[in-house]
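If you read the sequences in order, they're chains X and R.
Take any residue in the first sequence, note its place counting from 1, add 465, and you have its number in our numbering.
Take any residue in the second sequence, note its place counting from 1, add 43, and you have its number in our numbering.
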Amino acid sequence: MSGRGRLAFVAPRYGTDVVGGSEAVMREAAHGLAARGWAVDMLTTCARDHYTWRNEYPVGRTAVDGITVHRFPVEPGRGGVAHARLSARVQAGEHLTTDEQLAWLDGLFRVPDLFHHLVVDAAAYDAIILSPYLWWTTVTGAAVAPERTVVMPCLHDEAYARIPLLQTTLSAPAALWFLSEPEHELAHELVTLPDHHVVTGAGVNVPDAYDPEGFRARHGLERPYVLYAGRREGGKGWDWLLRAYALAVSRHALPLDLVTFGVGTVAVPGGLEGRVVDLGFLDEAEVGDAFAAATAYVQPSANESFSRTVMEAWLAGTLVLATEQSAVLRWHCERSGAGLCFGDEYELAQAMAFAAARPDAATAMAARGREYVLANYRWEIVLDAMERSLEEMR
Amino acid sequence: MRVLVIGPYPPFARREASRTMAAVREQVVGGNEVTVLSGAGSAAHRRDEIAGWRGALASLRHARGFALVVLLAGPEAPLRAAPGRRGRIIRLVDCVAWGLALRLLRRVTILADDPDLIPGSVGGRTGRFLWSGAARVVVGSERSRERLLTVAGVAPDRVTIAETDAPTPVDWSEGWEHAADREAAVSAIARRAARDRRAAERGR
Numbered sequence: 466m467s468g469r470g471r472l473a474f475v476a477p478r479y480g481t482d483v484v485g486g487s488e489a490v491m492r493e494a495a496h497g498l499a500a501r502g503w504a505v506d507m508l509t510t511c512a513r514d515h516y517t518w519r520n521e522y523p524v525g526r527t528a529v530d531g532i533t534v535h536r537f538p539v540e541p542g543r544g545g546v547a548h549a550r551l552s553a554r555v556q557a558g559e560h561l562t563t564d565e566q567l568a569w570l571d572g573l574f575r576v577p578d579l580f581h582h583l584v585v586d587a588a589a590y591d592a593i594i595l596s597p598y599l600w601w602t603t604v605t606g607a608a609v610a611p612e613r614t615v616v617m618p619c620l621h622d623e624a625y626a627r628i629p630l631l632q633t634t635l636s637a638p639a640a641l642w643f644l645s646e647p648e649h650e651l652a653h654e655l656v657t658l659p660d661h662h663v664v665t666g667a668g669v670n671v672p673d674a675y676d677p678e679g680f681r682a683r684h685g686l687e688r689p690y691v692l693y694a695g696r697r698e699g700g701k702g703w704d705w706l707l708r709a710y711a712l713a714v715s716r717h718a719l720p721l722d723l724v725t726f727g728v729g730t731v732a733v734p735g736g737l738e739g740r741v742v743d744l745g746f747l748d749e750a751e752v753g754d755a756f757a758a759a760t761a762y763v764q765p766s767a768n769e770s771f772s773r774t775v776m777e778a779w780l781a782g783t784l785v786l787a788t789e790q791s792a793v794l795r796w797h798c799e800r801s802g803a804g805l806c807f808g809d810e811y812e813l814a815q816a817m818a819f820a821a822a823r824p825d826a827a828t829a830m831a832a833r834g835r836e837y838v839l840a841n842y843r844w845e846i847v848l849d850a851m852e853r854s855l856e857e858m859r
Numbered sequence: 044m045r046v047l048v049i050g051p052y053p054p055f056a057r058r059e060a061s062r063t064m065a066a067v068r069e070q071v072v073g074g075n076e077v078t079v080l081s082g083a084g085s086a087a088h089r090r091d092e093i094a095g096w097r098g099a100l101a102s103l104r105h106a107r108g109f110a111l112v113v114l115l116a117g118p119e120a121p122l123r124a125a126p127g128r129r130g131r132i133i134r135l136v137d138c139v140a141w142g143l144a145l146r147l148l149r150r151v152t153i154l155a156d157d158p159d160l161i162p163g164s165v166g167g168r169t170g171r172f173l174w175s176g177a178a179r180v181v182v183g184s185e186r187s188r189e190r191l192l193t194v195a196g197v198a199p200d201r202v203t204i205a206e207t208d209a210p211t212p213v214d215w216s217e218g219w220e221h222a223a224d225r226e227a228a229v230s231a232i233a234r235r236a237a238r239d240r241r242a243a244e245r246g247r
């Protein structure tokens, strides 16, 4: 038992092979605080894949690098077509009744054993930290011991953020940890926040060194490329990026391939065979090299609360091209002076052309990005902010 | 000749709308009387569903009295875009609905710059049913024509390559001399993108 106190981190998925921004922040924060002397339990599910929520890890308790991981089985949702209809209504801005909101929440998955654990053991924890705001684990978990609950919402401007049931995760807990100032401002627009809320940011691990040439050789990447990393799905802008990239190639004959890694299916459009390279899921040790070897990193997702991959790109000295539809990405790019925002496919094509034509200017810009990340988002800085918040809650 | 052009139209879907406007201009230059059917909120003469099975029904309803229908095919219409298994079911329904509509309408020209940019439309029985229903398909390249002939089962005499649609390659590497810092780069990107946008709207 630690002298600092006991913490429960509640995340819908946990593991180094789990792809997701909030999951990565929760995992690394849990291990970081454990290394600083906190006793940390990670309460999570047996699911690895957020598309299927299938139970893939074994149920039970294991010790992982200084924390205790408790895995609980997922009960699949019975949403089906009804859930899809409710989601469509939410996206259309319609109001759902309370019963409908609950049906929507139940529609994907439930973890009643995890909730039961919290109900029984909540008093054993000095703080219960939940993330992100819209999953069953957070919405239900936040109701158990709100006076000791911290929610890290990972909020972005989307229709789900306007579901009243989900907004209770912003208004009810003792404290909120935001990853960026635009996320903080958005939360203020949505609900009345608890007094205790703070922009902690999210930490990024700083690699000791990069090996871009070795990475190119290992993966047979002979031409320069722009990179996209993460979830390859419509909600993250992937489909749009493919179309925009096709336009850039056909209109400008750009000499840049599009390389991608992460989860989700990559259906390469006809005409782009050999120009779009899917590396699948990359080992964590190779991720930094993938960024360092890229001419530019493209972030087309409007749904960002922090954007860890943008930080990884800047750390690797790589220019960032980001959609201006995300207030968070605009904020990072303007604050750092290290990224270029694009409003449509024509601007993205020209931004890629700039990166290819002026590598000297692109490198100089990206260097400011590295300074920005080191000044704001090293884990030591973020963990200090989290610990100050935890001490204030006592 | 009275022609009904169906496709995305301003103020939405900027790039797709520019293709529809180019098709309208081409028909007008050819001496035809053109009516445009597009989605709600658009600047078209007639506004109705243009995607999915509802779009197929609407096209049947609106096409009465027209000698020719020109249908713009892109990523959002006439097939609806949706992810996952639900998306595949939607795509199947839409292919069947539009395949039937094309056969009932008879005189339909589909303008599909690159059919492969319409996810899931090329290949499979429903895809073949869709494409083979058109009286004529105009594509942007020889490769697209080959795909429609070999994979989508369209008769060779029904597929032609657009004569003027090929974009003029713009040299990507020139004109960046003054973009030495972020401010200058942002300005140059905006200026060059605006030029590209105008060119696309002119159909080049």
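Ideal Cβ placement from N, Cα and C applies to all residues, glycine included.
Bear in mind that the values here come from a model prediction, so they are computed numbers and not experimental data.
Residue i, DSSP secondary structure in three states
i: residue 733 (chain X); result: coil
i: residue 210 (chain R); result: In this prediction, residue 210 (chain R) has a pLDDT of 49, which is less than 50 and means its spatial position is unreliable; what the coordinates show is noted afterwards. If DSSP states are grouped into helix, strand and coil, residue 210 (chain R) belongs with coil.
i: residue 73 (chain R); result: coil
i: residue 64 (chain R); result: helix
i: residue 535 (chain X); result: strand
i: residue 656 (chain X); result: coil
i: residue 778 (chain X); result: helix
i: residue 745 (chain X); result: coil
i: residue 204 (chain R); result: strand
i: residue 184 (chain R); result: coil
i: residue 586 (chain X); result: helix
i: residue 695 (chain X); result: strand
i: residue 621 (chain X); result: coil
i: residue 688 (chain X); result: coil
i: residue 90 (chain R); result: strand
i: residue 158 (chain R); result: helix
i: residue 574 (chain X); result: strand
i: residue 841 (chain X); result: helix
i: residue 812 (chain X); result: helix
Whole-number beta carbon distance between residue j and residue i, since they are thought to touch under 8 Å
i: residue 777 (chain X); j: residue 753 (chain X); result: 7 Å
i: residue 860 (chain X); j: residue 794 (chain X); result: Residue 860 (chain X) is absent from the structure shown; chain X starts at 466 and stops at 859.
i: residue 635 (chain X); j: residue 656 (chain X); result: 5 Å
i: residue 699 (chain X); j: residue 157 (chain R); result: So it is not a contact: roughly 19 Å between Cβ atoms.
i: residue 755 (chain X); j: residue 680 (chain X); result: 6 Å
Interface partners of residue i on chain R, CB under 7 Å
i: residue 648 (chain X); result: The contacting residues do not exist; residue 648 (chain X) stays about 24 Å from chain R at best.
Interface residues of chain X facing residue i [CB-CB closer than 7 Å]
i: residue 129 (chain R); result: 549
i: residue 93 (chain R); result: None at all; the shortest Cβ gap to chain X is about 19 Å.
Neighbour flag for residue i against chain C, beta carbons, 7 Å
i: residue 778 (chain X); result: No chain C appears in this structure, whose protein chains are X and R.
With 16 other Cβ atoms within 10 Å as the buried cut-off, status of residue i
i: residue 132 (chain R); result: exposed
i: residue 209 (chain R); result: Confidence at residue 209 (chain R) is low in this model, with a pLDDT of 45, below 50, so the placement of that residue is unreliable and no value is reported for it.
i: residue 98 (chain R); result: buried
i: residue 487 (chain X); result: buried
i: residue 556 (chain X); result: exposed
i: residue 44 (chain R); result: exposed
i: residue 854 (chain X); result: buried
i: residue 149 (chain R); result: exposed
i: residue 234 (chain R); result: exposed
i: residue 221 (chain R); result: exposed
i: residue 621 (chain X); result: buried
i: residue 739 (chain X); result: exposed
i: residue 216 (chain R); result: exposed
i: residue 610 (chain X); result: buried
Within chain R, partners of residue i - CB distance below 9 Å
i: residue 830 (chain X); result: 224, 225, 228
i: residue 625 (chain X); result: The contacting residues do not exist; residue 625 (chain X) stays about 16 Å from chain R at best.
Beta-carbon neighbours of residue i, restricted to chain R and to distances below 8 Å
i: residue 893 (chain X); result: Residue numbering for chain X in the displayed model covers 466 to 859; residue 893 (chain X) lies beyond these limits and cannot be assessed.
i: residue 823 (chain X); result: 219, 222, 223, 228
i: residue 819 (chain X); result: 219, 222, 228, 231, 232
i: residue 802 (chain X); result: 225
Interface partners of residue i on chain X, CB under 9 Å
i: residue 137 (chain R); result: Those within 9 Å of residue 137 (chain R) in chain X number zero; the least Cβ separation is about 17 Å.
i: residue 200 (chain R); result: Here the premise fails: no neighbours, minimum Cβ distance about 22 Å.
i: residue 132 (chain R); result: Here the premise fails: no neighbours, minimum Cβ distance about 10 Å.
Beta-carbon neighbours of residue i, restricted to chain X and to distances below 8 Å
i: residue 153 (chain R); result: Within 8 Å Cβ-Cβ: nothing; residue 153 (chain R) doesn't reach chain X, min ~16 Å.
i: residue 90 (chain R); result: Ordered by position in chain X, no residue passes the 8 Å Cβ test against residue 90 (chain R), which lies about 19 Å from the chain.
i: residue 121 (chain R); result: By Cβ distance, chain X contributes nothing, its closest Cβ being about 17 Å from residue 121 (chain R), past 8 Å.
Interface residues of the segment 553 to 574 of chain X facing chain R [CB-CB below 9 Å]: none
Within 8 Å of chain R by C-beta, residues of the segment 679 to 699 of chain X in sequence order: 698, 699
Contact list for the segment 606 to 621 of chain X against chain R, Cβ threshold 9 Å: none
Residues from the segment 715 to 738 of chain X in contact with chain R, defined by Cβ distance under 7 Å: 715, 716, 717, 718, 719, 732, 734, 735, 736
Within 9 Å of chain R by C-beta, residues of the segment 483 to 505 of chain X in sequence order: none
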